[in-house]
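Here the working numbering is used: the first residue of the sequence shown is 2, the next is one more, and so on.
Ideal placement from N, C-alpha and C gives every residue a C-beta, glycine not left out.
Note that the structure is a prediction, hence the values are computed from the model and not measured.
Have a look at the structure below before the remarks.
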Amino acid sequence: MVLPMGALGDRIGFKRLLMLGGTLFGLASLAAAFSHTASWLIATRVLLAIGAAMIVPATLAGIRATFCEEKHRNMALGVWAAVGSGGAAFGPLIGGILLEHFYWGSVFLINVPIVLVVMGLTARYVPRQAGRRDQPLNLGHAVMLIIAILLLVYSAKTALKGNLSLWAISLTLLTGTLLLGLFLRTQLATSRPMIDMRLFTHRIILSGVVMAMTAMITLVGFELLMAQELQFVHGLSPYEAGVFMLPVMVASGFSGPIAGALVSRLGLRLVATGGMALSALSFYGLAMTDFSTQQWQAWGLMALLGFSAASALLASTSAIMAAAPAEKAAAAGAIETMAYELGAGLGIAIFGLLLSRSFSASIRLPAGLEAQEIARASSSMGEAVQLANSLPPTQGQAILDAARHAFIWSHSVALSSAGSMLLLLAVGMWFSLAKAQRR
């Protein structure tokens, strides 16, 4: 939804888009809090997603329009990133506390006063902008793009889980690819596209999109792997696992303003590539860390990862918003947001698949199991735990030991792969941004 909403923001102005998105988000939160059926809750969650898709590009466009000087804009983007990281860090913890002590709908009700305050401040202090009525908003093209992205993400996730047959997954992937190709063709053929594809021809914008997507792939993949290892291997509860991983989010929140100042002082190229290189080193270090006996080392490396990865993400945001024309700021913000979302989805799919394959190849199960039990225990750590709990204690413990050993090894392989991916990207971005800055 973010790409069509970015085009809408350029058409009506980012303040109107922010007010519209905030209002929808608040009303949808209120409706979700009092849902009585699953279908009603799903419908309100869809409205929440639409409202959020309006808010994010509107805020980025507002920063682009308000702060003309690069130094001030980078600092504002740093604060924006810090707020987002803080929400990601403490949102699940606050949600857990609300669920434990209050009505389940309170996790949605808490949004309402926040939205009211933000809408009041926006109405009072944010200036109105004249929209661009010549900016087209073709609903048919928007729906085509949304369906294409949904099909592509769905095919990737179902391929990982194995819920569909190969031909069904292939058909879904092919349909999504064809729809995306048709959308791109229509946008390139018209003189007034909904999304200006020429933005992608700008080397700095393209580099920013690649950085954002790759960083999100590795970060989301890391969180997926860590959550599973901490719970399945080390026996932590979901809440305890969330607390254990807090250094990543807290450090990423603190990095925002600092990285903004560093971009202004040292330049985009050095901060972007340095952040990715340090993230790669963090992944390599975490791959060799024993989380049961080296907690302080793990927390230190996670803090370094959060700080450096968030710095690279801020550099990508700064690159995209600085290179995009002011009149297309909302569309540029939507492009970056789409890169974030696609990176998150791909991170789950890629690292889930890598973890699954490594686990199946490395597990060494004890003798005496039936073929069906071997296939089940080799499929995933979760299945191995369930199987072990259903067998006699001695046999079950042997399966658990084998599964934990295989999972730790697979976890190290996945983290090393993430480090290698970021290191290659850092080298590529160093030369790519050098060419862009010489132009």
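Could you spell out the range, first to last residue, of the alpha helix (DSSP H) harbouring residue i?
i, result
"Glu384", "Met382 to Ser391"
"Gln295", "Where Gln295 is concerned, there is no enclosing alpha helix (DSSP H), given that its DSSP letter is neither H nor E."
"Gln232", "Neither: Gln232 is in no alpha helix (DSSP H) and is coded neither H nor E."
"Trp26", "Just to set this straight, residue 26 is Phe in the shown sequence, not Trp. Run containing Phe26: Phe15 to Ala34, per the alpha helix (DSSP H) assignment."
For residue i, which of helix, strand or coil comes out of DSSP?
i, result
"Met203", "The question names Met, but residue 203 in the sequence shown is His. DSSP places His203 in coil when its eight states are reduced to three."
"Thr45", "helix"
"Thr395", "helix"
"Pro367", "coil"
"Val414", "helix"
"Trp431", "helix"
"Pro114", "helix"
"Gly272", "According to the sequence shown, residue 272 is Val rather than Gly. DSSP places Val272 in helix when its eight states are reduced to three."
"Gly182", "helix"
"Gly106", "coil"
"Thr191", "coil"
"Met246", "coil"
"Arg129", "coil"
"His37", "coil"
"Glu70", "coil"
"Ser357", "helix"
"Ser317", "helix"
"Ser280", "helix"
"Ser171", "helix"
"Ser166", "coil"
When burial is assigned at 16 or more other CB atoms within 10 Å of the CB, is residue i buried or exposed?
i, result
"Pro58", "buried"
"Gly254", "buried"
"Pro5", "buried"
"Ala362", "exposed"
"Ile451", "Within the shown structure, residues of the chain are numbered from 2 to 440, placing residue 451 beyond reach of any answer."
"Pro258", "buried"
"Glu224", "buried"
"Gly369", "exposed"
"Arg266", "exposed"
"Thr67", "exposed"
"Asn75", "buried"
"Trp105", "exposed"
"Trp81", "buried"
"Gly344", "buried"
"Gln387", "exposed"
"Ala190", "exposed"
"Gly141", "exposed"
"Gly52", "buried"
"Thr274", "buried"
"His37", "exposed"
"Thr318", "buried"
"Phe184", "buried"
"Gln229", "buried"
"Tyr240", "exposed"
"Ser166", "exposed"
"Val234", "buried"
"Glu337", "buried"
"Ser40", "exposed"
For the putative contact between residue i and residue j, defined by C-beta atoms under 8 Å, what is the C-beta separation to the nearest angstrom?
i, j, result
"Gly420", "Ala288", "7 Å"
"Trp300", "Pro248", "5 Å"
"Leu78", "Gly261", "6 Å"
"Lys16", "Arg125", "No, Lys16 and Arg125 are not in contact; Cβ-Cβ is about 11 Å, not under 8 Å."
"Met382", "Ala399", "Not really, about 15 Å apart at Cβ, beyond 8 Å."
"Ala216", "Phe109", "So it is not a contact: roughly 29 Å between Cβ atoms."
"Phe308", "Leu423", "Contact flag wrong, Cβ pair sits at about 14 Å."
"Ala324", "Ile150", "Incorrect: roughly 24 Å between the Cβ atoms, too far for contact."
"Leu153", "Gly177", "4 Å"
"Ser280", "Ala242", "That pair is no contact at about 21 Å."
"Leu61", "Gly334", "3 Å"
"Ile351", "Ile170", "Not a contact, Cβ separation roughly 16 Å."
"Met322", "Arg65", "5 Å"
"Gly222", "Gly92", "No, Gly222 and Gly92 are not in contact; Cβ-Cβ is about 20 Å, not under 8 Å."
"Leu49", "Ala29", "5 Å"
How about residue i: is its C-beta nearer than 8 Å to some C-beta of chain B?
i, result
"Thr294", "Protein chain content of the structure displayed is limited to a single chain, and chain B is not contained in it."
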